[in-house]
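S.K.: Going left to right, the sequence shown walks through residues 4 to 205 as the numbering used here numbers them.
Questions regarding the structure given below will be posed in turn.
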Amino acid sequence: PIKITSLSDKLKSREAAFGILLISAFGISWIAENVGLHFAIGSFFAGLIIYKEMIGKKNYEKVNNVFTTITLGLLSPIFFAFIGMQFYVQSIFDKLPFFLVLLTTAVVGKISGGFIGAKIGGFSNNESMTIGHLVNNRGMIELVIAAIGLELGIIDFTLFGIIVAIGLITTIMSPVMARVHLNRSNTYKSKEKFGSHTNNDI
């Protein structure tokens, strides 16, 4: 029992936690590649199996900070530079009607889905629109999937460019529109609160 406890404590050190995550990421990525999946999928699942209790809460936060710094400071710029190199603006204009239809469908579908779900949850119209616009945001995962699809030959450069453009537009649009509706919601609540105080004073 003493040896087991000692081993458990050692595995919860910061260095061990970092090593466990790296070994898991590379190992599961290798397995994913060998069963016909992309290595990125393996890396994603490696991240899922590492939880706070396994390596300790403090070590989890430290390792998370290290990986966040490496990702945002080094890997993300390289990845987005790669995406930019593969992106051709002309591909959008070549298929402009298709691009506009796809963009409209993507935006309306996401916003309406978020809005309806929020309304069912009891949120106001402006709050629901805020949630709808936040849901509309396309993150890095869509770009990763698009890059994988391009690499495997599933999509061509034209469709890849359209996907990247939609992701870029919705990423810019989402926080701006969400803030507009959030401000409206806060203004309405302030007026409602002020009206309530006025009625109470009367």
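From the three backbone atoms N, C-alpha and C, an ideal C-beta is built for every residue, glycine too.
Source: prediction; values computed, not measured.
(1) Quick one: measure Cβ to Cβ for I114 and H136, integer angstroms, because I've assumed they're closer than 8 Å.
(2) Between which two residues does the alpha helix (DSSP H) carrying S127 extend?
(3) How about I95 and I148: do their beta carbons lie closer than 8 Å?
(4) When you compare each of N186, V179, N189, I151 to L40 by their alpha carbons, which one comes out closest?
(5) Ignore the nearest five residues each way along the sequence and tell me which others in Y91's own chain have a CB closer than 7 Å to its CB.
(6) Only counting the same chain, and skipping five residues up and downstream in sequence, which positions put a Cβ closer than 7 Å to that of H184?
(7) Indicate, with yes or no, if the ligand HEM has a heavy atom lying under 7 Å from the CB of G116.
(8) Once DSSP output is grouped into helix, strand and coil, what is the label at D159?
M.R.: Result, derived from the coordinates:
(1) Here residue 114 refers to the residue found at position 111 of the sequence shown. Here residue 136 refers to the residue found at position 133 of the sequence shown. Contact flag correct, Cβ pair sits at about 6 Å.
(2) Position 124 of the sequence shown holds residue 127. For S127, there is no enclosing alpha helix (DSSP H), as DSSP marks it with neither H nor E.
(3) Indexing the sequence shown from 1 puts residue 95 at position 92. Indexing the sequence shown from 1 puts residue 148 at position 145. No, they are not a contact pair.
(4) For the purposes of this step, residue 40 is taken as the residue at position 37 of the sequence shown. Nearest option by C-alpha distance: I151.
(5) Position 88 of the sequence shown holds residue 91. Once the five neighbours on either side are set aside, the close Cβ partners of Y91 are F160, G164.
(6) As a first step, residue 184 must be located in the sequence shown, where it is residue number 181. Hits under 7 Å: N129, M132, T133, H136.
(7) Within the structure as shown, the ligand HEM is missing, as the structure has no ligands at all.
(8) Mapped onto the sequence shown, residue 159 falls at position 156. In the structure shown, D159 sits in coil (DSSP, three-state: anything other than H, G, I, E or B).
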